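Numbering (UniProt numbering), first residue to last: 1 to 685.
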């Protein structure tokens with residue numbers, strides 16, 4: 001076994017590998033960018049090496065720097081985690097050339113399976129069933145358009161060199177195919193350095209089933225059961241579970257054997273996942289999609305139902321050992337579910353958010369596992385994937401696991417960052433999900449009311465009380481959790497009293513203006529009494545009933561975060577409105593998330609129609625095309641390459657025909673919401 005390994009990754013997966021390595025007595029080396037200098041994985045490793053600036057291309061994706069770090073620290077092997085260099089054949093080859101073990105398959109297996117066209121050719125020779133689609137590599141857009149007629153609509157565009165949903169687009173009619181191909185090529189080139197595309201028939205009501213495989217260098221290959229990954233948005237998995245509620249025992253055996261044959265087709269070594277598509281109406285029929293030549297994000301659910309540490313197997317196989325398990329040793333016991341917690345806003349089309357975590361709260365207990373690399377005070381930047389944690393639950397059956405997931409999510413919060421935690425609770429309790437009636441489009445079919453996360457009156461009252469108390473502490477800003485000490489308990493301040501206000505009028509109720517859920521409202525305090533415990537819990541008395549919650553403040557952003565029975569909500573104090581009439585300012589194109597400007601489609605002074613592309617912003621591996629919210633003359637302030645903040649004005653469109661701005665004000669006000677087309681991971685949203 002190795003005595004030192006380097007983990008070429010960050011966040012929760014780096015911590016996950018470190019955990020197993022420490023148990024086996026292996027010394028660990030972390031690498032980090034400037035953005036991660038104080039991250040948890042850096043502190044957890046035995047030693048750490050700086051790679052470079054925050055940009056992944058200058059740090060985590062720099063092969064030479066990673067190899068040099070391994071050589072300088074005496075690492076005998078490199079674990080790539082997932083993402084970054086984990087499926088890079090050149091990186092595997094560079095490790096081999098440097099005499100360092102790459103804890104994954106060899107470069108030829110990565111190249112074959114990394115190109116979906118050659119992958120299909122390889123598995124087809126082993127009798128693995130394929131979805132109808134194009135078979136030739138390097139087809140032009142014209143050839144793909146012609147092939148689509150033979151395949152039959154709807155079709156799915158997929159980048160040959162990619163994964164994770166980037167560059168994938170569903171196309172339902174011939175007229176939409178040319179533009180979708182252009183977008184997919186650009187995304188594939190930007191994400192993978194290869195714009196090769198292919199087409200597949202889009203399977204109706206598809207379910208995404210994948211099988212975990214493990215192979216050693218001695219010809220032994222086993223599978224460790226399947227995972228259901230059908231709950232996705234824009235082809236990005238959200239909730240995964242093992243085993244699938246769809247498959248019967250016979251199909252489970254057949255799909256497992258097909259996964260083994262897939263691994264054998266390329267002489268595979270290490271951990272890998274074979275992904276299949278299954279029609280919900282024909283659960284006994286499955287088709288090969290692709291093979292991920294690495295450890296998957298969702299590997300914990302397999303570990304929970306098999307009792308096998310997959311990272312330990314990776315290390316043992318990488319060290320040249322034979323697999324210590326045969327297929328007969330693998331049994332699936334109980335049920336496990338993983339929910340991915342993202343820094344994103346479901347109510348805004350799942351756009352990435354970012355920010356600084358004022359606290360990180362996750363539960364512990366029977367059947368609960370949390371894999372996270374986020375600490376209180378850490379900032380989530382737009383340089384990396386928006387996933388910040390994984391919440392994994394297990395139980396003797398699926399119903400128990402689902403109930404445990406809901407309870408665990410209810411006890412989770414990351415104040416300071418808008419996340420999808422409350423959406424995950426909504427998703428996990430949908431009747432279709434509870435019944436196991438899943439497909440990959442289920443999330444896309446949800447209505448706005450199911451995606452919305454509306455603050456209740458109790459949340460608003462707690463936020464109002466917090467604003468009044470913090471305002472009363474003259475000249476003092478509060479950042480972090482608003483605890484008894486932070487609020488001045490034990491001082492002579494009148495604001496340390498139970499009530500958040502003092503007046504000679506017994507019927508006086510102060511009113512506070514708050515912006516919540518995108519709307520500014522005046523909230524009249526109905527709080528009769530409030531106290532803050534030493535543990536930070538707020539106890540608020542309203543109409544004779546006591547309510548509890550926790551309150552956090554970000555003084556820099558003038559925000560109050562309230563966690564209570566209805567989840568977590570952010571309230572902000574509205575700024576003074578110094579703008580002219582809406583018509584005078586025009587309709588603004590705002591950045592829907594922190595990110596960088598990758599393209600500006602028009603010049604200032606140009607005439608645009610409503611819906612025309614104006615600016616392309618990239619954030620957390622996604623491109624977002626911002627379009628004109630109105631017809632008129634555009635003034636562009638965005639500059640390619642510039643970093644932009646959430647809601648930063650990137651362009652303004654002024655109506656050419658507006659002779660009287662005051663008369664047009666009402667109409668203009670309805671046009672200020674920026675239309676956002678999310679390009680990537682399955683199309684516009």
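Using N, Cα and C, we set each Cβ at its ideal position, and we do this for glycine too.
Here the structure is a predicted model, which means the values were calculated and not measured.
{"query": "At least three beta-carbon pairs within less than 8 Å, the segment 78-93 to the segment 8-21", "result": "yes"}
{"query": "Buried/exposed call for residue 43, threshold 16 Cβ in 10 Å", "result": "exposed"}
{"query": "Which residues DSSP lists as bridging residue 190, in chain order", "result": "Residue 190 pairs with nothing; no bridge assigned."}
{"query": "Endpoints, the alpha helix (DSSP H) within which residue 113 is located", "result": "107-114"}
{"query": "Straight-line Cα distance separating residue 289 from residue 337", "result": "23 Å"}
{"query": "Backbone secondary structure at residue 38 - three-state DSSP", "result": "coil"}
{"query": "Euclidean distance between Cα positions of residue 126 and residue 265", "result": "7 Å"}
{"query": "CB of residue 542 within 8 Å of CB of residue 565, strictly", "result": "no"}
{"query": "Beta-carbon proximity of residue 148 to residue 177, cut-off 8 Å", "result": "yes"}
{"query": "Unbroken alpha helix (DSSP H) run spanning residue 318, endpoints", "result": "310-318"}
{"query": "Pick from 259, 108 and 594 that is closest to residue 275, judged by C-alpha positions", "result": "259"}
{"query": "C-beta contact flag for residue 358 and residue 481 at 8 Å", "result": "yes"}
{"query": "Pair within 8 Å by beta-carbon distance, residue 587 and residue 653", "result": "yes"}
{"query": "6 Å Cβ shell around residue 547 - same chain, five flanking residues per side excluded", "result": "458 and 540"}
{"query": "Reference residue 29; option with closest CA among 69, 52 and 58", "result": "69"}
{"query": "Buried versus exposed call for residue 252 [16 or more other C-beta atoms within 10 Å across all chains shown]", "result": "buried"}
{"query": "Among 513, 428 and 411, nearest to residue 241 - alpha-carbon criterion", "result": "428"}
{"query": "Residue environment, residue 641, which counts as buried when at least 16 other CB atoms sit within 10 Å", "result": "exposed"}
{"query": "C-beta atoms of residue 430 and residue 409 nearer than 8 Å", "result": "no"}
{"query": "Minimum Cβ-Cβ distance from residue 203 to chain D less than 8 Å", "result": "Considering every chain present, this structure includes no chain D. It has just one protein chain."}
{"query": "Stretch-stretch touch, CB-based, cutoff 8 Å, three pairs: the segment 32-50 with the segment 360-378", "result": "yes"}
{"query": "Complete beta strand (DSSP E) runs within the segment 83-157 (minimum length 3 residues, chain order)", "result": "none"}
{"query": "Bridge partners - residue 266, DSSP secondary structure assignment", "result": "Answer by DSSP bridge pairing: none, since residue 266 is not bridged."}
{"query": "Buried or exposed by the 16-neighbour rule on C-beta atoms within 10 Å, applied to residue 314", "result": "buried"}
{"query": "Residue span of the alpha helix (DSSP H) that contains residue 399, given as start and end", "result": "398-410"}
{"query": "Residues that residue 286 bridges to, as DSSP identifies them", "result": "278"}
{"query": "Whole-angstrom C-beta distance between residue 438 and residue 432, which should lie under 8 Å", "result": "7 Å"}
{"query": "Status (buried if at least 16 other CB within 10 Å, exposed otherwise) for residue 450", "result": "exposed"}
{"query": "Complete runs of the alpha helix (DSSP H) confined to the segment 222-273 [at least 4 residues]", "result": "249-264"}
{"query": "Beta-carbon contacts of residue 317 that lie in its chain and below 6 Å, excluding the five residues immediately before and after", "result": "216 and 270"}
{"query": "Bounding residues of the alpha helix (DSSP H) (the contiguous stretch that carries residue 524)", "result": "Not the alpha helix (DSSP H): residue 524 falls in the beta strand (DSSP E), residues 519-524."}
{"query": "Option in 312, 553 and 373 with minimal Cα separation from residue 321", "result": "312"}
{"query": "Exposed unless 16 or more other CB atoms sit within 10 angstroms - verdict on residue 262", "result": "buried"}
{"query": "Start-end ranges of the beta strand (DSSP E) lying completely within the segment 348-374, minimum 3 residues", "result": "368-372"}
{"query": "Enclosing beta strand (DSSP E) for residue 206 [first to last residue]", "result": "206-215"}
{"query": "Local conformation of residue 606 per DSSP, three classes", "result": "coil"}
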